[in-house]
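Protein chains in written order, with my numbering: chain F, -5 to 4; chain X, 440 to 651.
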């Protein structure tokens, strides 16, 4: 899931 | 964390501080769109609900809390404390034209049909257009104070720097998120006209004044 990585951004 | 993202976040933080400081020091929110600030408060609230479910890092948690708190503080200053100075006659953008499409788009195009994920997606879409009431206000009055221009420049640069961050992450980590990228590009494009005026006028010591 790409969105898992995305969630570390603000 | 890479340099583009760090500078982007710092630019975002700087924008928020510039705005709060300007309102506080001048005891006035003249020229500031309360509607844009209201939209930003909605953006941060819906995006950072994950503070309750996942822990990323101290940096991540702190920044999220600062962004939420600052957006509420800004709304408080505009709508309550310095309400008398709020220029609502010029802040006439209809925010339902931004809110409703953002909700619909988030329900249609998302990574996962789950409450938190849809709220995150909604916040990404809404953020990309949340500055429109402010830009509309500047175009309506035909000018902006220098400090308001600095605020807009710092806020606009932040997502532009995130685009560089996403290119970097795609190259280095093979990671990309199309929703964030497309919305981020739209968001940055909306500032282009302003960036041009900022560089050609404000940086040369002139007031940001639109041609009549």
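Just so it is clear, CB atoms sit at the ideal spot from N, CA and C, and this is done for glycine as well.
Predicted, not measured: the structure shown is a model, and the values here were computed from it.
Would you please verify whether the beta carbon of residue i is less than 7 Å from any beta carbon of chain F?
i             : result
residue 576/X : no
residue 611/X : no
residue 530/X : no
residue 502/X : yes
residue 495/X : yes
residue 632/X : no
residue 448/X : yes
Using DSSP with H/G/I as helix, E/B as strand and the rest coil, what is residue i?
i             : result
residue 583/X : strand
residue 739/X : Because chain X spans 440 through 651 in this model, residue 739/X falls outside it and cannot be assessed.
residue 592/X : helix
residue 451/X : helix
residue 461/X : helix
residue 1/F   : coil
residue 548/X : coil
residue 635/X : helix
residue 444/X : helix
residue 653/X : Since the first residue of chain X shown is 440 and the last is 651, residue 653/X is not available in this structure.
residue 531/X : coil
residue 521/X : coil
residue 622/X : helix
residue 496/X : coil
residue 503/X : helix
residue 553/X : coil
Taking its Cβ as the centre, do 16 or more other Cβ atoms sit within 10 Å of residue i, making it buried, or is it exposed?
i             : result
residue 531/X : exposed
residue 473/X : buried
residue 450/X : buried
residue 540/X : exposed
residue 628/X : exposed
Can you find a CB in chain B that lies within less than 7 Å of the CB of residue i?
i             : result
residue 527/X : In summary, chain B is missing from the structure at hand, where the protein chains are F and X.
Exercise. Would you list, in sequence order, the uninterrupted beta strand (DSSP E) runs of no fewer than 3 residues that lie entirely inside the segment 463 to 492 of chain X?
Key: none
Exercise. Give, in chain order, every residue of the segment 472 to 492 of chain X whose Cβ lies closer than 8 Å to some Cβ of chain F.
Key: Listed by position, the residues of the segment 472 to 492 of chain X near chain F (Cβ gap below 8 Å) are 489.
Self-check item: chain F contacts made by the segment 440 to 468 of chain X, where a contact means CB separation under 8 Å
Solution: 444, 448, 451
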